[in-house]
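Per the numbering used here, the very first residue in the sequence shown carries number 1; after that it's consecutive.
Glycine residues also receive a C-beta, built at the ideal position from the N, C-alpha and C atoms.
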Amino acid sequence: MDADYPHRGSNFHADTHPVDDSIGFKRFRGMTVQFLAAARSNLISKDAPRIAVDEVDAYDPSLGNVKNLIDIRRQTYGKESMAAFISHPDRAGGSDAAHWNAGVMAVYADSTRCTWWWPCPHCGAFSSPNPGTARHMALTYAAEGPLDEVAASARLVCPVNGCLIDDADRRAMNLRGRWVGAGETIDEEGVVEGVRATRETAGYWIVGVMSPFLLHGIGGLARARVEAERAMEAGEDDKSLREVMTKQWGVPYDPPRRFGSLDAAVLAERAEPALRLGQVPPGVRFLTAAADVQGGRFEGMVRGWGEGGESWLCDHWNMPADPATSPADWDVMIARLLQPLPLADGSGRVMRVRAAGYDSGGEAGVTTLGYEAWLRARRAGFARLRGKVDGRDAWTLLPLKGMGTPNAPRLAVVYPDSQRKDRKAGARGQIPTGQYSANRFKDDLSNHLATADGGAKAVHVPADLLGNHMAQPRNPAPPHLFFEQLVVEVRNAQGLWSNPRRARNEATDLMVMTHVLAHLHGLSRLQW
1 MDADYPHRGS
11 NFHADTHPVD
21 DSIGFKRFRG
31 MTVQFLAAAR
41 SNLISKDAPR
51 IAVDEVDAYD
61 PSLGNVKNLI
71 DIRRQTYGKE
81 SMAAFISHPD
91 RAGGSDAAHW
101 NAGVMAVYAD
111 STRCTWWWPC
121 PHCGAFSSPN
131 PGTARHMALT
141 YAAEGPLDEV
151 AASARLVCPV
161 NGCLIDDADR
171 RAMNLRGRWV
181 GAGETIDEEG
191 VVEGVRATRE
201 TAGYWIVGVM
211 SPFLLHGIGG
221 LARARVEAER
231 AMEAGEDDKS
241 LREVMTKQWG
251 VPYDPPRRFG
261 SLDAAVLAER
271 AEPALRLGQV
281 PPGVRFLTAA
291 ADVQGGRFEG
301 MVRGWGEGGE
311 SWLCDHWNMP
321 ADPATSPADW
331 DVMIARLLQP
341 LPLADGSGRV
351 MRVRAAGYDS
361 GGEAGVTTLG
371 YEAWLRARRA
381 GFARLRGKVD
391 GRDAWTLLPL
401 KGMGTPNAPR
411 LAVVYPDSQR
421 KDRKAGARGQ
431 IPTGQYSANR
441 FKDDLSNHLA
451 TADGGAKAVH
461 VPADLLGNHM
471 AQPRNPAPPH
481 LFFEQLVVEV
491 RNAQGLWSNP
501 RRARNEATDL
511 MVMTHVLAHL
521 HGLSRLQW
């Protein structure tokens, strides 16, 4: 409002002068507002009870920790003072919270960390559009084709029942949404339990798909991202993609990972003669096991995990079976997965498997028999819930399903057999399924296999796997079938892995699934 013409009902003083309504200063009844540039002189010389810090991530990094400077400016007013920090996450060090050490995400990291949860318009299950949540509702789209088709294909995906959600549904979902903070959990029915963590800062993370002012809707988000990715693939730098992710998607930017080409012969040369299949070597702290479903057999693996995510391949086996028709074969397979392994020290002691899982997809009948086998294992006490880790149910036995779509959640434990709109409050599916981003875990595997000198993230493979170890173990002459299966997939510029030759890749799938289970049980957050 022009201060020269105050009128009745205005918040301006009747004696307002032009100086009281300038670009940098506003005088209201009972208060004044001053707009200041983010300069050091202003940050260290102005006291105020209410301070709003806008786009803090765009401030000059030489200013240091702006929040500390602002807190000093509030001290005169004590507990009555407040500060609001608002910004796109330009200075976050990526999506990993361990790297939120600058800018607005550093403030958020030390806050109540509230995330937004809203109900699926089709099945009613609550999930969150915020990355890293236990049930992340991701934005999916066709990454290939003309940009108009990319935009038209954009949908949100309910992580509980796989429902596809249109852009037009977001407004109604927002009206029923709620904030859930650190220390609280929310079930699929929207019931919030627990006590929100006590913090001096209340933090709320708003991402792009939540915004009611989103230009061109979620299709616009998909289009902008794919356009920036294609520009980078054509030789441009990643500036445009960074801007799209932080400014439009509202998430910390992860620079594209660099992957060297892996060679089966090189991996085979690293095989360690001192390691033997069927034993747990020194350094292993816990075991995970996984089984892949193939026509006429199950293929299984046990992987041991140690400090810093270093791992050892402890066992690998094939079991003739009929996974599509034989319930008994499933029971035998699960018993084999959970079988303890002896320690390599000759003491006679054994180590139990902490978590096991198996592929729940495949030919007709496999999913149904896999779910039925889980129910029998549950009744027999083999499938137990150990509690929650990062908001996810950590089961000792879990059917698994890889999600190959762009932007799929890293890992979610869902109950896909739950009823939909007609379900009663409190009802839920009986059978959990671990849905994971196959692309992100294959990224991890590629990096782990490229670690050649041991230590954190390195993978140790016994020489028993050389040659065709099922028929002739420790054969130094190629082909080394296990190692070839680790390198058959290739990654495109959009971060999607594929098997263009349709060659066998069971070893890759098993390595991924054993890592998924370790991640579910807290591998990335262990204090060794």
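Rounded straight-line distance, which links the Cα of residue 89 to that of residue 55: 9 Å
8 Å Cβ cutoff met for residue 264 and residue 334: no
Extent of the continuous beta strand (DSSP E) to which residue 307 belongs: No beta strand (DSSP E) holds residue 307; DSSP gives it neither H nor E.
Any 3 or more C-beta pairs closer than 8 Å across the segment 389-397 and the segment 339-357: yes
Spatial neighbours of residue 270 in its chain, beta-carbon cut-off 8 Å, leaving aside the 5 residues before and after: 452 and 461
At least three beta-carbon pairs within less than 8 Å, the segment 109-117 to the segment 197-216: yes
Length of the line joining the Cα atoms of residue 410 and residue 278: 30 Å
Backbone CA spacing between residue 275 and residue 202 [nearest angstrom]: 51 Å
For residue 401, the residue or residues it bridges with in DSSP: 435
Top-ranked residue by Cα proximity to residue 449, from 374, 311 and 118: 311
Assigned exposure category for residue 368 - 16 Cβ within 10 Å defines buried: exposed
Cα-Cα separation between residue 391 and residue 22, rounded to whole angstroms: 49 Å
Cβ neighbours of residue 206 in the same chain (closer than 8 Å, five flanking residues each side left out): 116 and 250
Residue span of the beta strand (DSSP E) that contains residue 355, given as start and end: 353-359
Cβ pair residue 353, residue 267 closer than 8 Å: no
Burial state of residue 57, where buried means 16 or more other Cβ atoms lie within 10 Å: buried
Boundaries (first-last residue) of the beta strand (DSSP E) holding residue 51: 50-54
For residue 302, the three-state DSSP class (helix, strand or coil): strand
Residue from 237, 525 and 514 with nearest C-alpha to residue 436: 514
Proximity of residue 118 and residue 176 at Cβ, strictly below 8 Å: yes
Complete runs of the alpha helix (DSSP H) confined to the segment 213-281 [at least 4 residues]: 217-233, 239-243 and 264-269
Straight-line Cα distance separating residue 253 from residue 521: 26 Å
Residue 537 vs residue 489 beta-carbon contact at 8 Å: This structure cannot speak to residue 537, because the chain is shown only from 1 to 528.
Residue environment, residue 347, which counts as buried when at least 16 other CB atoms sit within 10 Å: exposed
Run of the beta strand (DSSP E) containing residue 86, from where it starts to where it stops: 82-86
Chain-order list of residues whose beta-carbon lies under 6 Å from that of residue 525 (same chain, five-residue window excluded): none
Reference residue 497; option with closest CA among 455, 506 and 439: 439
Bridge partners - residue 318, DSSP secondary structure assignment: 299
Nearest-angstrom Cβ-Cβ length linking residue 225 and residue 244, presumed shorter than 8 Å: 5 Å
Supposed contact pair residue 161 and residue 123 - C-beta distance, whole angstroms, cut 8 Å: 5 Å
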